Each structure stands twice: as structure tokens, then as C-alpha cells.
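One structure is given here, and the rest of the page talks about it.
Numbering (this note's numbering), first residue to last: 165 to 694.
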């Protein structure tokens with residue numbers, strides 16, 4: 165591969181978030197929001213920003229003009245020149261004139277003209293126009309656009325469903341008319357990588373090195389990124405993308421995915437981009453916030469889970485070496501990498517490491533008890549936060565290995581309808597006997613029934629005198645943190661318990677207080693003077 169080989173040149177990134185991306189149902193950006201996104205796209209380092217479709221509204225005209233003036237006249241980051249600002253126009257004189265007026269302030273402007281070329285599109289959108297009529301209209305549109313800017317892009321809409329011979333004919337005509345970029349749009353996401361790549365290869369050879377070949381892929385079959393990469397592999401020099409893959413129907417080729425695919429697999433593709441990948445995360449978040457389109461958790465590169473690990477095996481591998489399960493450096497895309505998400509699949513290694521990172525220094529026995537409790541809670545709560553872990557540690561480590569009683573099980577029923585009933589199983593550690601008792605309450609609720617069953621199981625006459633409950637974290641599956649005081653023979657003892665179930669947390673707190681009473685009574689007995 166030589167320096168003059170087009171395959172060695174950087175791939176140009178043409179971002180259409182503000183045009184095709186905004187066409188997604190429910191998205192309607194005002195001029196201020198469009199400008200904010202355009203500024204971030206400039207920081208990101210995309211080559212072309214398609215700012216809008218001016219003829220569609222006065223608002224879009226104003227937005228494109230504002231971006232051309234504020235973004236298209238400045239040099240951003242380490243770029244040598246301002247980004248090219250593009251506007252879309254049909255091959256209609258009014259469209260092209262409006263686009264040119266909107267782009268006037270930009271240092272580098274591009275008018276992007278298009279016409280539909282597939283048989284179904286010509287029939288529905290162009291009233292059955294003939295192939296000759298479409299070619300003539302395309303040529304006239306390109307020539308008009310060239311009166312305003314030397315940078316003109318032409319797109320035969322629905323190219324992948326267009327008769328191949330007609331597609332070749334209109335591409336030849338566009339190049340002869342002076343188009344500097346020919347874009348081959350997979351408008352309805354119909355293409356398959358192998359065939360699409362072959363088509364692009366033919367067009368690249370057909371137009372020669374003086375004309376840029378672009379691709380614009382939609383994601384109806386989930387293949388927009390794959391088709392775009394295959395096009396690049398076959399010589400395409402520009403890829404049209406949208407941040408987070410937003411756009412009509414299933415969306416456009418996702419900017420972050422195609423950029424990182426080219427960067428990560430440079431060994432196979434050797435086609436870099438000029439994008440500052442460290443701005444990808446920030447750009448994704450901004451677009452999501454302003455459009456109201458959330459990023460799915462498992463979205464490649466920018467999703468919440470893209471660099472998160474819950475499986476114990478995965479966590480162990482990442483803790484040893486990030487590359488074990490991460491093919492990209494999260495920081496290189498502005499994300500947080502190697503996130504250890506503690507859940508039911510997590511292993512002891514990740515759990516211990518998280519506690520260490522939080523500043524806890526626990527004995528092996530304390531860690532084991534906390535881990536066992538964590539695994540029990542993880543079956544009830546999808547994801548445990550640092551606050552949850554702190555509560556577990558405080559609850560479990562406040563206990564000792566010499567506790568007189570351990571809660572083995574709790575079942576409750578009733579409450580607002582019918583008498584509350586609680587059945588508890590308590591293990592007496594001295595002789596490893598499980599004590600089971602059931603109590604039907606007298607209308608004071610399930611917490612009272614649970615405490616009553618514990619009293620009966622261990623033969624205590626302790627009474628609950630103070631009760632306080634708080635949520636450790638937000639959400640419907642938050643841990644309940646219960647603190648109680650019990651009276652045993654005139655002495656008060658404090659206990660604490662945590663669980664996603666408030667009744668269970670209360671039972672744990674009550675038993676914790678009773679264990680403390682036993683422990684302190686033993687201490688008093690051994691320290692009394694004979």
C-alpha cells in the first residue's frame with residue numbers, strides 16, 4: 165500500500181446526526197440545540213457536518229446558517245481547517261438556492277443533492293419519471309449547485325434497489341457533471357455486506373481516484389456498520405454516520421461503532437479517521453440528552469454496559485489484565501473502563517477487590533461472611549452499589565463468628581388482609597440445632613409477627629422498644645436498613661439489619677440485638693468479681 169493509494173488515506177466521516185438523525189420519530193431540535201451538537205461534532209473532529217435540510221422549514225434554514233457561521237468558520241482542536249458544513253437539497257432549483265444561502269458563511273460548504281433512482285421510488289416519489297428524466301434532473305441539479313460551491317455531493321436515493329445498469333449510468337452522469345463526491349445510499353437497509361462491498365468496489369474503479377465514493381447505510385437489518393466497513397474495505401473514502409445510530413426507522417450507521425471498528429481493527433483495514441475518539445462518550449451523552457433518545461445499556465462503545473463486567477470469570481480476567489475481555493481502551497473513547505458490576509454472577513475475587521477499593525480491610529472470615537450475604541442479596545437485587553456493599557459489610561462485620569443465633573429462614577404472609585403470620589428458622593450455634601416457630605400476629609403487622617416468632621424460637625421475653633427503617637439506595641429494589649432497640653431484662657441493646665425485604669431486615673436487626681444481649685451478658689458473667 166503506497167502513500168498515493170486511496171486505500172491508505174484517512175476515511176472521511178460525514179456526520180448526519182443533525183439531518184438524517186433528527187428525522188427519527190419524536191426528535192425535534194431547535195436552532196440552539198443543533199448548534200450545541202454541531203460544536204461538539206467539531207470538537208469530535210468529523211470531516212463534514214450535515215447541518216440540515218434547509219428547504220423543509222425556516223427553522224432549519226436558520227439552524228444551518230447559524231452552524232455555518234459559528235462552527236464552519238473556526239478551527240477546532242488540532243484540525244488544520246474548519247469542518248465542512250453541508251446541507252441537503254433535492255435536485256430542485258429552490259432547494260439548491262436555499263441550501264446555498266444557508267451555507268454562505270461557512271469557510272468550506274457542501275451542497276448535497278439527491279434524487280430517487282429505484283423503480284419503486286421513481287414511481288411513488290417522482291410520479292413515474294423515466295430514467296432519462298431522472299438523469300437530466302440530476303445533471304441540472306449538480307451544475308446549479310456548482311455555481312455556489314466547488315464541493316457537491318450527489319446521492320441516487322435507494323441505490324441498493326436500483327437497477328445496476330441504471331445506477332452505473334447515473335453515477336457516470338453525476339461525475340461528468342462535476343460532482344466531487346458520489347454517495348451510494350442503502351436507504352432502506354436492504355444491502356448485505358458481501359454484495360454491497362462488491363458494488364462499492366465496482367463504483368470506486370469506475371469513477372477513479374479524483375472522485376470520492378461515500379456510503380450511507382441504514383440499519384433495518386442491523387447491518388449498517390457491517391456494510392459500511394465492507395464498503396471501506398473495498399475502497400470507499402467517506403462514511404455517513406449518526407451519533408448513537410439515530411435516524412429514521414432502525415436508524416443510521418452508528419458513528420462511534422464504525423470509527424472504533426476502523427481504529428480497533430487497523431491491522432486488517434489500515435484506514436484511519438481524523439476523529440478524536442476521546443470525545444466520543446461526551447458526544448454520545450449530549451446527543452442522547454438533547455434528542456431524548458436514551459442509549460441502550462448494551463449499545464456498542466457508548467452503552468452503560470459496554471465496559472462493565474458482572475460475570476465472575478470476566479471480572480477475574482479484567483482485574484488481572486483489562487485486555488482479557490476489553491478490546492478497546494474505554495478512556496480512549498471518553499468512557500469509564502473495567503467497571504466491575506457486582507451481581508449474582510460475580511465471583512469472590514471481584515467482591516474482595518471491590519471491598520479493598522472501598523477501603524475495607526477484612527479478615528478472611530469476615531470477607532467470607534460478607535460474600536455469602538452478598539450472594540444471597542444479589543439474587544433479589546439486580547445490581548449492588550457501593551452503598552449496598554457498605555450496608556452489607558456494616559451489618560455482617562458488626563456481628564462476630566461467636567453469634568448465639570443465626571437467621572436461617574423467614575416466611576411471612578398476611579398483613580393488610582388477614583392476620584399476619586411469620587415462620588422463622590433460627591440456628592443455635594452452640595449445638596448447631598435449627599429452631600423453628602410460627603406466630604400469628606394480633607394485628608400489629610408482619611414485622612411484629614416476625615419478631616414474635618424469633619422470641620418464641622429462642623425462648624426470650626425481649627420487647628421491641630425502638631424501630632427505624634431507611635433506604636440505602638434509590639429504586640424499588642433498594643436495600644432496607646433497619647435499626648432497632650430491644651429491652652432484655654431492663655437493659656437496652658441495639659441491632660441492625662439490611663435486606664431488600666424490610667420484614668427480613670427487621671428480623672435480622674431484632675436477632676442482631678438479641679445476639680448482642682447474649683454476648684454482653686457473657687462478658688459480664690466472666691468479669692464479675694467472685
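The beta-carbon is built from N, C-alpha and C at its ideal position, and this holds for glycine as well. Remember, it's a predicted structure, so these values are computed and weren't measured experimentally.
Does the ligand FAD have even one heavy atom less than 7 Å from the beta-carbon of residue i?
i	result
residue 660	As far as ligands go, the structure on display features none, and thus does not contain the ligand FAD.
Return the bridge partner residues of residue i from the DSSP annotation.
i	result
residue 252	276
residue 368	Per DSSP, none; premise fails for residue 368.
residue 321	280
Rounding to the nearest angstrom, what Cα-Cα distance links residue i and residue j in this structure?
i	j	result
residue 192	residue 455	7 Å
residue 662	residue 670	8 Å
residue 617	residue 603	5 Å
residue 363	residue 326	12 Å
residue 468	residue 409	16 Å
residue 282	residue 322	6 Å
residue 631	residue 575	20 Å
residue 391	residue 660	58 Å
residue 457	residue 451	8 Å
residue 258	residue 285	21 Å
residue 675	residue 665	15 Å
residue 233	residue 200	13 Å
residue 386	residue 278	24 Å
residue 374	residue 344	8 Å
residue 180	residue 406	5 Å
residue 465	residue 349	24 Å
residue 677	residue 595	21 Å
residue 430	residue 530	48 Å
residue 295	residue 393	30 Å
residue 397	residue 422	12 Å
residue 416	residue 335	23 Å
residue 194	residue 220	14 Å
residue 495	residue 441	9 Å
residue 236	residue 447	18 Å
residue 578	residue 585	6 Å
residue 372	residue 403	18 Å
residue 437	residue 535	46 Å
residue 425	residue 367	23 Å
By the DSSP assignment, the beta strand (DSSP E) with residue i in it spans what residues?
i	result
residue 645	644–652
residue 661	655–663
residue 572	569–577
residue 588	585–592
residue 122	Any question about residue 122 goes unanswered here, given that the chain covers just 165 to 694.
residue 378	376–381
residue 391	No beta strand (DSSP E) contains residue 391, which is instead part of the alpha helix (DSSP H) from 388–397.
residue 179	176–179
residue 347	345–350
What is the DSSP secondary structure of residue i, counted as helix, strand or coil?
i	result
residue 266	helix
residue 193	coil
residue 402	strand
residue 358	helix
residue 410	coil
residue 286	helix
residue 244	coil
residue 624	coil
residue 216	strand
residue 314	coil
residue 459	coil
residue 629	strand
residue 682	helix
residue 634	strand
residue 425	helix
residue 418	strand
residue 612	helix
residue 291	coil
residue 497	helix
Find out if the Cβ-Cβ distance for the pair residue i, residue j is shorter than 8 Å.
i	j	result
residue 212	residue 435	no
residue 251	residue 226	no
residue 338	residue 302	yes
residue 222	residue 411	no
residue 588	residue 570	no
residue 351	residue 376	no
residue 231	residue 202	yes
residue 591	residue 572	yes
residue 389	residue 177	no
residue 651	residue 629	yes
In the DSSP assignment, the alpha helix (DSSP H) including residue i goes from what residue to what residue?
i	result
residue 444	444–455
residue 329	328–341
residue 301	295–310
residue 431	430–433
residue 228	222–234
Let me see if you follow: with CB-CB separation under 8 Å, is residue i close to chain C or not?
i	result
residue 376	As a matter of chain content, chain C is missing from the structure shown, which is built from one protein chain.
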